[in-house]
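Structure first, then comments.
Numbering (the working numbering), first residue to last: 11 to 166.
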């Protein structure tokens, strides 16, 4: 007798950071990116509420691995309101990291696409970021180009 088994591939959905994500390894993930001391629950909740109060002007997104309930990728974008370019807006992408155990699955690209789409939807004329030389080719694959010492992607 032959048994057909369906192997379920993980679905990696990008979503906004939730207050419960601290317990899912969010801070530990950031520690793979840069110096990030431990954050108390109270400090996390206070900062989360502060950022959330900014609405669409500051968005942190994550990808959660559903089976493990672990945050495996994150990034953020904040919207700068300017006087130049007819009081235009610029999105600034920051703190993009994919867990070392989840690299090579195009999760970084999903994060960048989510953040860039968000910036564009809020009326930004471009989104910019700073990156290391080692990460330059990754961002070029995501549609960015080097401009002086920054990466830039224009929407018009």
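Glycine residues also receive a C-beta, built at the ideal position from the N, C-alpha and C atoms.
* For the beta strand (DSSP E) containing residue 128, list its first residue and its last residue. => Segment 117–131 is the alpha helix (DSSP H) holding residue 128; no beta strand (DSSP E) there.
- Message: Going by C-alpha to C-alpha distance, which of 124, 91, 119 and 109 sits closest to residue 35?
- Response: The shortest C-alpha separation from residue 35 is found at 109.
Straight-line Cα distance separating residue 91 from residue 162
Linking residue 162 to residue 91 through their CA atoms gives a straight-line distance of about 17 Å.
Residue range of the alpha helix (DSSP H) that residue 29 falls in?
Looking at the DSSP string, residue 29 is not in any alpha helix (DSSP H), and its letter there is neither H nor E.
Checklist entry - Pick from 81, 157, 156 and 123: whose alpha carbon is nearest that of residue 31? => result The shortest CA-to-CA distance from residue 31 to any of 81, 157, 156 and 123 is the one to 81.
* Neighbour-count burial assignment, residue 164, 16 or more Cβ in a 10 Å radius -> That one is exposed.
Per DSSP, what are the beta-bridge partners of residue 83 in this structure?
Note: residue 83 sits in a beta bridge opposite 73 and 108.
Residue range of the beta strand (DSSP E) that residue 134 falls in?
Element bounds for residue 134: 134–139.
Practice task
List the endpoints of the continuous alpha helix (DSSP H) containing residue 151.
Solution key: Counting along the chain, residue 151 sits inside the alpha helix (DSSP H) bounded by residues 146–151.
Practice task
Quickly, what does DSSP pair residue 88 with across the bridge? List them, please.
Solution key: According to DSSP, which records beta bridges pairwise, residue 88 is partnered with 68 and 102.
Note to self: Check whether the stretch 85–105 and the stretch 127–144 are in contact - that is, three or more C-beta pairs closer than 8 Å.
What the structure shows: Contact holds: three or more Cβ-Cβ distances are below 8 Å.
- Query: Between residue 122 and residue 130, what straight-line distance do the alpha-carbon atoms span, to the nearest angstrom?
  - Reply: Spanning the two alpha carbons is a distance of roughly 12 Å.
Look at residue 102 and residue 78 and say whether their C-beta atoms are less than 8 Å apart. Against a cut-off of 8 Å, the Cβ pair of residue 78 and residue 102 comes out as no contact.
Can you give me the start and stop residues for the alpha helix (DSSP H) that residue 62 sits inside? From DSSP, the alpha helix (DSSP H) with residue 62 extends over 51–62.
In the DSSP assignment, find the beta strand (DSSP E) that holds residue 157 and state where it starts and stops.
-> Element bounds for residue 157: 155–157.
Residue interval of the alpha helix (DSSP H) (run including residue 97): Taken as a continuous stretch (DSSP letters only), the alpha helix (DSSP H) holding residue 97 covers 94–97.
field: Per DSSP, the bridge partner or partners of residue 163
entry: DSSP lists 137 as partners of residue 163.
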